[in-house]
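J.: Please read through the structure below; I'll follow up with questions.
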Amino acid sequence: MNKFFWMLRAIVYKIFMKQFGLLSYIGSPCYVSGLPFWQFGYKVRIYPQARIESLGGVIRIGDDVSIGQNLHLISMSSVYIGSKTTVSANVFISDVDHDYKIIDVHIMDQALIAKETFIGENCFIGYGCVILPGTFLGKQCIVGANSVVRGTFPDHCVIAGSPAKIIKRYDFINNIWKKTDSSGNFI
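Count along the sequence shown from 1, add 2, and you get the number used in this note's numbering.
And the structure:
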């Protein structure tokens with residue numbers, strides 16, 4: 003029954019958003035801002051307690067994406083989540099950082115730094131992950147629970163840790179997932 007009401011509310015969101023695909027919804031309660039910069043594909047499902055903010059940045063989510071409860075997503079430049087991606091609960095995704103170079107000025111009074119954040123198609127983001135500004139995840143990446151991710155990661159890899167590092171990649175020659183060193187070279 004809740005999902006029915008979430009979909010009805012989605013009709014209102016659709017009026018203000020750049021794109022909001024069919025069968026998409028955002029669970030209640032939630033906090034949203036910057037709706038004109040949002041582009042959601044077909045069948046985007048976001049569960050309750052989400053906080054999604056655009057500070058003038060584009061938020062694009064592909065088709066058939068599922069996002070667990072308590073998402074916190076902020077965009078000042080561009081955040082992209084590819085089709086068929088699953089994001090677990092309690093995940094933070096951002097493309098903006100606070101500068102901290104001026105030593106005698108409070109961090110909240112310093113400039114914001116925006117760097118595009120990209121999550122490829124068919125990825126799985128584990129529970130409690132933090133995806134930091136400037137991150138690029140290739141397609142079908144798996145991110146272990148509670149990982150802190152910053153950097154560029156190729157297609158078909160498993161990353162985990164704080165900071166996150168590659169721990170496995172898919173070996174297309176042997177058709178198996180194989181352990182790697184932190185640079186992604188097979189062991």
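All C-beta atoms in this analysis are idealised placements derived from N, C-alpha and C, irrespective of residue type, glycine included. Because the structure is a prediction, the values reported are computed rather than measured.
What are the boundary residues of the beta strand (DSSP E) that includes residue 103?
T.: In the sequence shown, counting from the first residue as 1, residue 103 sits at position 101. Taken as a continuous stretch (DSSP letters only), residue 103 belongs to no beta strand (DSSP E), as it is neither H nor E.
J.: Nearest-angstrom Cα distance between residue 60 and residue 179?
T.: Residue mapping note: residue 60 aligns to position 58 of the sequence shown, counting from 1. Residue mapping note: residue 179 aligns to position 177 of the sequence shown, counting from 1. Between residue 60 and residue 179, the C-alpha separation is close to 34 Å.
J.: Hey, residue 62 and residue 44: beta-carbon distance below 8 Å or not?
T.: Along the sequence shown, one-based indexing puts residue 62 at 60. Along the sequence shown, one-based indexing puts residue 44 at 42. Going by C-beta atoms, residue 62 is not nearer than 8 Å to residue 44.
J.: Here's a check: name, in chain order, each residue in its chain whose Cβ is nearer than 6 Å to the Cβ of residue 130, leaving out the five neighbours to either side.
T.: Within the sequence shown, numbered from 1, the residue matching residue 130 stands at position 128. So the qualifying residues of the chain are 92, 147, 148.
J.: Specify, as a first and last residue, the run of the beta strand (DSSP E) that residue 162 falls within.
T.: Counted from its first residue, the sequence shown places residue 162 at position 160. That run of the beta strand (DSSP E) goes 159-163.
J.: Got a sec? Which residues, its chain only, sit under 7 Å from residue 183 by beta carbon, not counting five neighbours each side?
T.: Along the sequence shown, one-based indexing puts residue 183 at 181. Taken in chain order, the residues that qualify are 189.
J.: Residue 132: buried (16+ other C-beta within 10 angstroms of its C-beta) or exposed?
T.: Within the sequence shown, the letter at position 130 stands for residue 132. Buried is the call here.
J.: Any idea which residues DSSP pairs residue 167 with across the strands?
T.: As a first step, residue 167 is located in the sequence shown; it is residue number 165 there, counting from the start. According to DSSP, residue 167 bridges with 162.
J.: When we look at the beta-carbon of residue 170 and count the other beta-carbons within 10 Å, is it buried (16 or more) or exposed?
T.: The residue given as residue 170 occupies position 168 in the sequence shown. Buried, because 16 or more other Cβ atoms sit within 10 Å of the Cβ of residue 170.
J.: Among 144, 166, 164, which one has its Cα closest to the Cα of residue 157?
T.: In the sequence shown, counting from the first residue as 1, residue 157 sits at position 155. Comparing Cα-Cα distances from residue 157 to each of 144, 166, 164, the minimum goes to 144.
J.: Short check: CB of residue 50 to CB of residue 38, under 8 Å?
T.: Here the question's residue 50 lines up with position 48 in the sequence shown. Here the question's residue 38 lines up with position 36 in the sequence shown. Not closer than 8 Å, so no.
J.: So, using beta-carbon positions, are residue 107 and residue 135 closer together than 8 Å?
T.: The residue given as residue 107 occupies position 105 in the sequence shown. The residue given as residue 135 occupies position 133 in the sequence shown. No, these two residues do not count as a Cβ contact at 8 Å.
J.: So the candidates are 12, 110, 137; which of them puts its Cα closest to the Cα of residue 119?
T.: The residue labelled residue 119 in the question sits at position 117 within the sequence shown. Among 12, 110, 137, the Cα nearest to that of residue 119 is on 137.
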